[in-house]
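One structure is given here, and the rest of the page talks about it.
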Amino acid sequence: MKFFNTLFFCLFLFQSHGQYDTIYVAILPFGSDEIVTEVSRKKLQGTVASSFSKDARMVLLDRSEINLVAQERDYQRDEDFIDGKIVEQGKAIGAEYIVDGFIDNKRKQLFLGVYDVSDGTLKGSKIAPLRVKKSQKHPLDIKGEIKDIFNFDTPTSLVQKNVAQLIKDCFPEFLFIVTGAESESKNKVKSLKVFAGSKMGLKKGQLLEVQVLIKEEVEGIKTTRQESAGWGRIQKVDGENWCILKLEAGKGNIKKQMKAGNKLRCRLIKKKKLFGN
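Here it is, written out as structure tokens:
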């Protein structure tokens, strides 16, 4: 199948530095009250990091450069901003977002907050219950040493479910990059080639909405908004990284947007939408 404008779309594909719209995240060492073991702390951080890394958009950055000792942090769980020094350190390692956590052993819960590095504001938060092992109801053993009492490493754990929901709340749009198209006529597009495949769980017959990214300047402030351009059904999944989207609506509009040089993205939808031709 011959696609036109492939070169044009590949150019903005490479400018995106990846298959998907990449999100750079740094996870801070978690704070805690005094009766949480270092083993529990590291396991819990690992569980959260693993949940973020399952999302193909996320790139977890090395947080070794963040000069922060969790035990000495003056932590306030209800603050809407994170410390400016931490924000600057996040910027220095290329992070766009910072994930901060506090283990509250008294209430058996984990507070998680996602902060936007650009201005230090809280983007979203979640409180996850921590399940305690039945055999270890008390945090201290016979010798008075702190036990590893939490059980949060199972696939169905409440922590993982809450982290997944936090990611969904903070980063709801999962956009796939359009890399080429096949014409139906001079003014209409028949199908699109999308840079996403079986690796993202895509299947033949699924519906994708096509969105156009439109750059605007409002009162001197440059912004990018997403606007629906059409939708289609996946005709073929070509391996892990590619699929062909057969358009069912918006064929003329999508051709118009391509001629204007606007970038196109796709996202999964469950229901058909009304568009013009």
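Start counting the sequence shown at 336; every next residue gets the next number (my numbering). Ideal Cβ positions, reconstructed from N, Cα and C, are used throughout, including at glycine.
Residue i (DSSP reduced to helix, strand or coil)
| i | result |
| --- | --- |
| residue 546 | strand |
| residue 605 | coil |
| residue 357 | coil |
| residue 615 | Since the displayed the chain opens at 336 and closes at 612, residue 615 lies outside it and no answer follows. |
| residue 518 | strand |
| residue 504 | helix |
| residue 423 | helix |
| residue 552 | strand |
| residue 376 | helix |
| residue 388 | helix |
| residue 412 | With a pLDDT of 43 at residue 412, under the threshold of 50, the predicted position of this residue should be treated as unreliable, and no value is reported. |
| residue 537 | coil |
Among the options, nearest to residue i - alpha-carbon criterion
| i | options | result |
| --- | --- | --- |
| residue 437 | 377, 422, 563, 427 | 377 |
| residue 370 | 516, 582, 443 | 443 |
| residue 368 | 441, 429, 388 | 441 |
| residue 503 | 566, 460, 534 | 460 |
| residue 433 | 523, 452, 446 | 452 |
| residue 546 | 372, 493, 577, 567 | 567 |
| residue 548 | 585, 571, 592 | 592 |
| residue 498 | 515, 374, 530, 380 | 380 |
Burial state of residue i, where buried means 16 or more other Cβ atoms lie within 10 Å
| i | result |
| --- | --- |
| residue 556 | exposed |
| residue 520 | exposed |
| residue 361 | buried |
| residue 544 | buried |
| residue 569 | buried |
| residue 540 | exposed |
| residue 449 | buried |
| residue 605 | exposed |
| residue 574 | exposed |
| residue 599 | buried |
| residue 558 | exposed |
| residue 516 | buried |
Contacts around residue i, its chain only, beta-carbon distance under 8 Å, and the 5 residues preceding and following it disregarded
| i | result |
| --- | --- |
| residue 403 | A caution first: residue 403 carries a pLDDT of 47, below 50, which makes its placement in the model unreliable, though a value can still be read off. So the qualifying residues of the chain are 363, 364, 421, 424. |
Cβ-based neighbour list, residue i, same chain, cut-off 6 Å, excluding 5 preceding and 5 following
| i | result |
| --- | --- |
| residue 353 | Unreliable positioning characterises residue 353 in this predicted model, as indicated by a pLDDT of 37, which lies under 50. The coordinate reading is nonetheless provided below. Counting only Cβ-Cβ distances below 6 Å, and skipping sequence neighbours, we find nothing. |
Same chain, Cβ closer than 7 Å to residue i, five either side skipped, listed in chain order
| i | result |
| --- | --- |
| residue 505 | 449, 458, 459 |
| residue 562 | 546, 547, 549 |
| residue 565 | 545, 582, 584, 585, 586, 588, 589, 610 |
CB contact check: residue i to chain C, cutoff 8 Å
| i | result |
| --- | --- |
| residue 523 | In the structure shown, chain C cannot be found, because there is only a single protein chain. |
Considering only residues of the stretch 570-598, which uninterrupted beta strand (DSSP E) runs meet the minimum length of 3 residues and lie entirely inside it, listed in chain order?
Taking only runs of at least 3 residues, the beta strand (DSSP E) segments lying wholly in the stretch 570-598 are 577-584.
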